[in-house]
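All remarks here apply to the structure that follows.
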Amino acid sequence: MPIHNADIAAVFDEIADLLEIQGANVFRVRAYRNAARTLRDLSREVGAMLEQGEDLTGLPGIGKDLAGKIQEIITHGPEGVLAEYRKELPQGLTDLMHIPGLGPKRVKTLYHDLGIKTREQLHQAATAGRIRGLTGFGEKTEQKILEALEAKAGEAVRFKLAIAAQYAEALVEHLKKAPGVKQIVPAGSYRRFRETIGDLDILVTAKTGSPIMDRFVSYDEVDQVLAHGSTKSSVRLKCKLQVDVRVVSEESYGAALQYFTGSKAHNVALRQLGVQRGLKINEYGVFKGEERIAGDTEESVYAAVGVAWVPPELRENRGEIEAARAGKLPKLVELRDLRGDLHAHTKATDGRNSLKDMALAARKRGLEYLAITDHSRHLAVAKGLDPKRLLMHMEEIERLNDELSGITLLKGIEVDILQSGELDLPDDVLGRLDLVVGAVHDHFELSRQKQTERILRAMDHPHFTILAHPSGRLIDERAPYDVDMERVIRHARERGCFLEVNAHPERLDLTDTHCQMAKEQGVLVSINTDAHSVLDFDNLRFGVGQARRGWLEKSDVVNTRSLRELKPLLTRTMS
DNA sequence: GCCGTTTTCGGCCCGACTGTTTTCAGTCG
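Per our numbering, residue 800 is the first one in the first sequence, and the count goes up by one each step.
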């Protein structure tokens, strides 16, 4: 079993937990957490990097020691490295730290004073009232622990961005009606367009004395009030989404927006820049000693430490601060840059709307072209098209193009990539289309090597244009199939084909880091809705968000081209 | 344990809320 970056990151996080319980130096703990994060964000496998003789100490937060541990974990597995830290503490103890209200200190107390090692033992002790007497604990803490254990809270629930958006928009509307409210904006990972949201952070500026917090905690979708202060309140909604509202004065709006947008890692890095300049940055402003020198706008905060304003989608501490410092931030692609959509379905297969309805909906969005890419015959469950039906479909598209103005339909197919890597329709049929979108819809279980070769072979086909949803994942529902995305991206460059960013909120596939990798390799990306109804064009904004998180600019996205510029790109130039 | 426009040592981001305290530790983000 190959060891992936995420596995090594998990080992480092466990070490960090164990060190915290042991009361180790907090900065040493942080070093392990930083390294874990670096590994999770990395678009390449460290195993492959080591094989190619690359030096891991070039990676942020990885020094000589941790590079050695990574090597050890890859060569001999994680047990040896972990054993060293597990010596003094039983395995599984770190699990207790994931229970809300329990951190390293309390877990240590529970273990040392009562010998508690598992959730079950903790539950027994809490039920028997043996927790409340421990130092640092009380009746309320005991009760909260009990509730957390019984509610199985602590299992991190994340919400897909599009779902969170529904709750966020409704809540913002509710809060707006509170007297004295001036500005109100969702910040946090929501503003950064992360594909899933752990909780929702809403920033409010309001006149002093505004009853905003009372209005917030009494919102009828609130299930539980977790905290209720004058500047900070937290609730859990009935849908289980946690929402934090922070109120600041108007002069602190920029600093607070910057602060609550995060990410945490980005903010830490920005503050370090501040420290180097003798400045303190917090949610109220930028301070030189006692003097407040910036903070009314986000731009002023960044300017105070000598860097350009960073778009929220880039704020992950993946090099954006260095780029901002050097004046080399990308000019990110925007929704309005998109001129067309290269992946959509109709009633002919598993879509809900007619060709004409889809065309008109796309035109209404201001799109200049829409590729109709219904399924091919192999996907029987979707009534996939055989050559005969496809040819009829193409004729219908041509007729409609004659009839409509302001939108051009392109003749395409979402053709199944068969297990062998062959495409599901004959070459002469594929050759009559404007573009061929290839996709894997079955045999997700193939080995990494077979899956990769299957896809590479499909891309070799002379008519292949775009690889749809390249990893096949459904967020939180289906893991990506095992495929060497580095090879796929390199192959796309060699063969001159494109990779999709599927804008459906459950897919968002390519991921942000793979977008970045595609850009580095010079592979163009197509932001497509994969629309199955006229409503799905709304999803384009999520696809754009994902592309922006991947540092993509207008020129990196193939469907920002006008139809005239696009056409020659669709004709593959095979070398 | 990492890192360097104060560089190989001595720093390492900052504040709110809660509960358990009697001035603050722990947790969280």
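Virtual Cβ for every residue (Gly too), placed ideally from N, Cα, C.
Check, Outcome
"First through last residue of the alpha helix (DSSP H) which encompasses H973", "L960 to K975"
"Through-space distance from G1073 to A847, alpha-carbon basis", "36 Å"
"Helix, strand or coil at H1177 [DSSP, three-state]", "coil"
"Close beta carbons around E887, own chain, < 8 Å, minus the five adjacent residues each side", "Q821"
"Separation of I930 from A952, as counted between CA atoms", "Because A952 sits at a pLDDT of 45, beneath the cut-off of 50, its placement in the model cannot be relied upon, and the following sentence gives the value as read from the coordinates. Computed Cα separation, rounded: 19 Å."
"Simplified DSSP state of P1269, which is helix, strand or coil", "coil"
"Which of helix, strand or coil DSSP assigns to R1070", "helix"
"Supposed contact pair A1302 and G1342 - C-beta distance, whole angstroms, cut 8 Å", "3 Å"
"V1282 and T1251 closer than 7 Å at C-beta", "yes"
"Option in V1132, E1299 and P985 with minimal Cα separation from T1264", "E1299"
"Inter-residue spacing [alpha-carbon to alpha-carbon] between S1332 and L1154", "10 Å"
"Distance, T856 Cα to D1226 Cα", "49 Å"
"From H1192, A1267 and L1365, residue whose alpha carbon lies closest to that of N1327", "A1267"
"Contact under 7 Å by Cβ, V1324 with V1356", "yes"
"Local conformation of Q1041 per DSSP, three classes", "strand"
"Helix, strand or coil at L1323 according to DSSP, with G and I counted as helix", "coil"
"Residues bridged to G1211 (per DSSP)", "T1172 and L1234"
"Option nearest D998 by Cα separation, candidates A963, T1004 and S1219", "A963"
"Supposed close pair L1131, E1352 - CB separation, criterion 8 Å", "6 Å"
"DSSP bridge partner residues for A1143 (one or two, in chain order)", "A1330"
"Exposure of R827, with buried meaning 16 or more beta-carbon neighbours within 10 Å", "exposed"
"Inter-stretch contact at 8 Å, needing at least 3 Cβ pairs: the stretch 1135 to 1143 / the stretch 1110 to 1126", "no"
"Of the residues P1304, L1365 and A1102, the one placed nearest A1330, counting alpha carbons only", "P1304"
"At least three beta-carbon pairs within less than 8 Å, the stretch 1240 to 1247 to the stretch 914 to 934", "no"
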